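In what follows, a single structure is set out as C-alpha cells and then discussed.
Residue numbers (the working numbering), protein chains in the order written: chain A, 1 to 207; chain B, 1 to 351.
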C-alpha cells in the first residue's frame with residue numbers, strides 16, 4: 001500500500017514537472033515566433049518608410065520635421081507588477097489615447113488593433129463605409145472608437161504634413177504592429193522566465 | 001516645324017542646347033542600373049558610380065557611407081550643371097530656367113515654416129533644404145507667425161510673391177493651413193509657368209504645355225488619394241486642383257468627390273492616357289501608382305529630346321536627373337536594408 005502511494009506521489013510529481021517543462025517549451029516557442037514577427041514587421045516598416053520618402057520627397061519625410069513641442073503620448077504602456085496574486089508582471093499597450101479608464105482602454109485598444117490589422121492592405125482606404133454601416137447596426141461604440149483611433153493616427157502623422165501618402169500610413173501601421181509584438185514579447189518573456197524558474201526548482205527537487 | 005525657330009534659335013540658345021544634350025548623354029543606362037542593383041554594400045555603389053559622372057562628387061566621401069550622403073552628392077552635381085546653364089543663359093531662357101526651381105523654393109519655404117512650428121533649429125532646417133530652392137532671406141521665414149507675416153517679411157521680395165495672393169490670411173499657421181498653402185502655391189506656380197510657356201510659343205509651348213498638363217493631372221490624383229480619410233473637405237480639395245490639364249474641368253469634378261482608390265480609378269479610366277497607367281494596377285491597390293506615373297513622365301520627357309530648337313529639353317533634363325537621383329536613393333536604401341528583392345519596385349529606367 002505504502003509503495004503504491006509513494007509511486008502515485010512520484011507519478012504526480014513527474015506529471016507536474018513535465019507540465020512545467022511543456023510550459024517552458026511552449027513559452028520559448030511563442031517567444032521565438034514573436035521575435036521573428038517583430039523582425040519582419042520592422043523590416044517591412046523601414047522599407048515602407050524609404051518608399052514613402054521616395055514618393056513624397058526627402059524634404060517631406062525627414063527627422064528635421066519631428067515635433068519637439070510637449071504633448072501627451074498617444075500610446076502608453078501599463079505594467080502590472082508581480083505580486084502575491086500575480087505570478088509574473090503583465091504589460092498592456094494602451095493605443096491612441098482612446099479613453100482615460102485603463103481597463104476600458106485596453107479593451108478598446110485590442111479591438112482597434114484587430115480591426116486595423118485585418119483591414120491593412122495595399123489600399124489607401126482608411127474609411128470603410130460598408131464596414132462602418134454594419135457596425136453601426138450592431139452599436140455605435142466601435143465606429144466611434146475606430147474613428148477616434150484613425151483621427152489620432154492622422155494627428156501623429158501630421159508632423160509630415162496634413163496630406164501624406166498612403167505609403168506613410170502603411171509605415172505607421174507596420175511600426176504599430178512591431179510595437180504590439182514588442183509588448184507581447186515582454187509578456188511571453190515574463191511567463192518564459194517564470195516557467196524556467198519552475199523547471200529549475202523541479203530539477204533541484206529531484207537531485 | 002512650328003515657325004522659324006531653326007533660323008534664329010541657335011543665336012542665343014544653340015550653345016546651351018548642345019550643353020544640355022551633352023549632359024543628357026551622361027544619364028545612367030539600364031546596364032548601369034543592373035550593376036548597381038547587384039551591389040552588396042553602399043561602398044560597392046560608390047565604386048560603380050565612380051565610373052560615371054558622379055565619380056568626382058563621391059570619391060572623397062569616407063566610409064561608412066549613408067544613403068543621404070549619396071543623394072546629397074548626386075544632387076550637388078545637378079545643381080552645378082544647372083548653375084552653369086543659368087549663368088550662360090539670356091532672356092527668355094534664363095527666366096525659363098528659374099521657373100524650373102520655383103517648385104523647390106516652395107518646398108523649402110514649407111519645410112522651414114513647418115520645422116519652426118515644431119520648434120526645430122533653423123540651421124538644422126536650412127541644411128535639409130534643396131539647394132535649387134534657396135534664396136537670400138530664407139532663414140527669416142522662422143519669425144513669421146501667420147501667412148500675412150510670411151508674405152510681408154520675406155516672400156514679397158521673392159519670385160513666389162505673386163503666388164501668395166490666393167492664400168494670404170491672418171490665421172496662425174498649423175499643419176492643415178501649411179498643407180493648403182503648399183498646394184495653393186504650387187497650383188499658382190504651375191499655372192504661371194504654363195502661361196509663360198504659352199507666351200513663348202512654338203515647339204516650347206507645344207511640348208512644355210503637354211508636360212505641365214501631365215504634372216497638373218498627376219498632382220490632382222495625388223492630392224485626391226492623400227486627402228482620403230482626412231479633414232480636407234471636397235470644396236477645399238477641388239480648390240487645390242490646377243485650372244488646366246486633361247482632367248480640367250470634368251475630371252476634377254469627379255475626383256473631388258472620390259472616397260477611395262477605386263473611385264479614383266473609375267474617374268481616371270475615362271481618359272485614354274491614364275487608362276494605360278491604371279491598367280497596371282490591381283483593384284484597390286495604389287502602391288505602384290507612383291512608379292506608373294513616373295514611367296509615363298519619363299517617356300514624355302525623353303520624347304522632348306526628339307525635337308530641336310526649344311526650351312523643353314532643359315526642363316526635361318532637370319526632371320530626368322531628379323528621377324535618376326530618386327532611383328539611386330531607392331537602390332541605396334534597398335542595399336542598405338538588405339532588401340534587394342524589392343529593388344525593382346521603384347526603379348524607373350530612363351534608357
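Just so you know, even glycine gets a beta-carbon here, dropped at the ideal spot from N, CA and C.
For clarity, every value in this text was computed on a predicted model and none was experimentally measured.
Closest Cβ-Cβ distance between residue 45 (chain A) and chain B: below 7 Å? Answer no: the Cβ-Cβ gap between residue 45 (chain A) and chain B never drops below 7 Å.
Give me the DSSP bridge partner(s) of residue 93 (chain A). Partner(s): A:77.
Give me the Cβ distance between residue 144 (chain B) and residue 163 (chain B), rounded to the nearest whole Å; I'm assuming they're in contact under 8 Å. Not quite, the Cβ-Cβ distance comes to about 16 Å (not below 8 Å), so this is no contact.
Hey, how far is the Cα of residue 250 (chain B) from the Cα of residue 63 (chain B)? Their backbone Cα atoms lie some 54 Å apart in a straight line.
In chain order, what residues of the same chain have a beta carbon less than 7 Å from the beta carbon of residue 204 (chain B), not counting five sequence neighbours either side? Here residue 204 (chain B) has 197, 310, 311, 312 as same chain residues with Cβ atoms under 7 Å from its own Cβ, once five neighbours each way along the sequence are excluded.
Simplified DSSP assignment, three categories, for residue 172 (chain B): Residue 172 (chain B): strand per DSSP, three-state reduction.
At a CB distance below 8 Å, what residues from the region 66–92 of chain A approach chain B? Give them in sequence order. Correct list: 66, 67, 68, 69.
Could you check whether the region 283–294 of chain B touches the region 36–47 of chain B, counting it as contact only if at least three pairs of C-beta atoms, one from each stretch, sit closer than 8 Å? As far as the Cβ criterion goes, the region 283–294 of chain B does not touch the region 36–47 of chain B, which means the pair count is below three.
Below 8 Å on the Cβ atoms is my contact criterion, and I expect residue 100 (chain B) with residue 138 (chain B) to pass it. Report the Cβ-Cβ distance as a whole number of Å. Contact between residue 100 (chain B) and residue 138 (chain B) is absent: CB atoms are separated by about 18 Å, not below the 8 Å threshold.
Length of the line joining the Cα atoms of residue 180 (chain A) and residue 74 (chain A): Rounded to whole angstroms, residue 180 (chain A) to residue 74 (chain A) spans 14 Å at the Cα level.
Assigned exposure category for residue 234 (chain B) - 16 Cβ within 10 Å defines buried: Exposed, since its Cβ has fewer than 16 Cβ neighbours within 10 Å.
Rounded C-alpha distance that separates residue 65 (chain A) from residue 126 (chain B): Rounded to whole angstroms, residue 65 (chain A) and residue 126 (chain B) show a C-alpha spacing of 12 Å.
Mind checking if residue 22 (chain A) is an interface residue toward chain B, Cβ cutoff 7 Å exclusive? No - not a single Cβ of chain B is within 7 Å of the one on residue 22 (chain A).
Unbroken alpha helix (DSSP H) runs of length 4 or more, entirely within the region 277–350 of chain B: which are they? Within the region 277–350 of chain B, the complete alpha helix (DSSP H) segments of 4 residues or longer fall at 289–304, 312–336, listed in chain order.
Taking 8 Å as the cut-off, does the region 316–333 of chain B touch the region 296–305 of chain B (at least 3 CB pairs, one atom from each stretch)? Three or more Cβ pairs drawn from the region 296–305 of chain B and the region 316–333 of chain B lie within less than 8 Å of each other, which places the two stretches in contact.
Of all the CB atoms in chain A, is at least one closer than 7 Å to the CB of residue 179 (chain B)? For residue 179 (chain B), the nearest CB of chain A lies under 7 Å from its own CB, placing it at the interface with that chain.
Just to confirm my understanding: we take residue 50 (chain B), look at its own chain, exclude 5 residues before and 5 after, and list those with CB closer than 7 Å. What are they? Cβ-Cβ distances below 7 Å link residue 50 (chain B) to 58, 59 in the same chain, with the five nearest sequence neighbours on each side left out; the list follows chain order.
What residues of chain A sit near residue 130 (chain B), judged by a beta carbon separation below 9 Å? 57, 58, 59, listed in chain order.
Are the CB atoms of residue 146 (chain B) and residue 173 (chain B) within a distance shorter than 7 Å? Result yes, Cβ atoms of residue 173 (chain B) and residue 146 (chain B) sit closer than 7 Å.
Taking all protein chains shown into account, decide if residue 287 (chain B) is buried (16 or more other Cβ within 10 angstroms of its Cβ) or exposed. Buried, because 16 or more other Cβ atoms sit within 10 Å of the Cβ of residue 287 (chain B).
CA-to-CA distance, residue 53 (chain A) to residue 66 (chain B), given in whole angstroms: Distance between the alpha carbons of residue 66 (chain B) and residue 53 (chain A): 15 Å.
Is it the case that the Cβ atoms of residue 183 (chain A) and residue 93 (chain A) are separated by a distance below 7 Å? Taking 7 Å as the cut-off, the Cβ atoms of residue 183 (chain A) and residue 93 (chain A) count as close.
If the cut-off is 8 Å on Cβ atoms, which residues from the region 144–162 of chain A count as contacting chain B, listed in chain order? Within the region 144–162 of chain A, the qualifying residues are 150, 154, 158, 159, 161, 162.
Counting only runs that start and end within the region 68–136 of chain B, where is the alpha helix (DSSP H) found for 4 or more residues in a row? Those alpha helix (DSSP H) runs which fall completely within the region 68–136 of chain B and span 4+ residues are 93–117, 122–128.
Outcome for residue 71 (chain A) when other beta-carbon atoms lying within 10 angstroms are tallied against a minimum of 16: Counting Cβ neighbours within 10 Å, residue 71 (chain A) comes out exposed, since fewer than 16 surround it.
Could you give the distance in angstroms between the alpha-carbon of residue 133 (chain A) and the alpha-carbon of residue 223 (chain B)? Model confidence at residue 133 (chain A) stands at a pLDDT of 37, short of 50, so the residue's coordinates are unreliable and nothing is read from them.
Are residue 71 (chain B) and residue 132 (chain B) touching if we call contact CB-CB under 7 Å? For residue 71 (chain B) and residue 132 (chain B), no; Cβs fall outside 7 Å.
Beta-bridge pairing of residue 177 (chain B) - partner residues as DSSP gives them: None; residue 177 (chain B) has no bridge partner.
Comparing C-alpha positions only, which one of A:16, A:95, A:42, A:163 sits nearest to residue 236 (chain B)? Here the closest residue by C-alpha is A:163.
Shortest alpha-carbon distance to residue 129 (chain B) belongs to which of A:15, A:203, A:60? For residue 129 (chain B), the closest C-alpha among the options A:15, A:203, A:60 is that of A:60.
Classification of residue 314 (chain B) by the beta-carbon crowding that lies within 10 angstroms, buried from 16 upward: It counts as buried.
Other residues of its chain near residue 140 (chain B): CB distance less than 7 Å, five sequence neighbours each side excluded: Correct list, in chain order: 153, 154.
In whole angstroms, what separates the C-alpha of residue 202 (chain B) from that of residue 5 (chain B)? Cα to Cα, the separation comes out at about 8 Å.
Under 7 Å, Cβ to Cβ, is there at least one residue of chain B near residue 178 (chain A)? Chain B, which has no Cβ nearer than 7 Å to the Cβ of residue 178 (chain A), makes this no.
Run of the alpha helix (DSSP H) containing residue 222 (chain B), from where it starts to where it stops: Residue range 202–227 is occupied by the alpha helix (DSSP H) that includes residue 222 (chain B).
Between the Cα of residue 220 (chain B) and the Cα atoms of B:239, B:211, B:345, B:208, which residue gives the shortest distance? The shortest C-alpha separation from residue 220 (chain B) is found at B:239.
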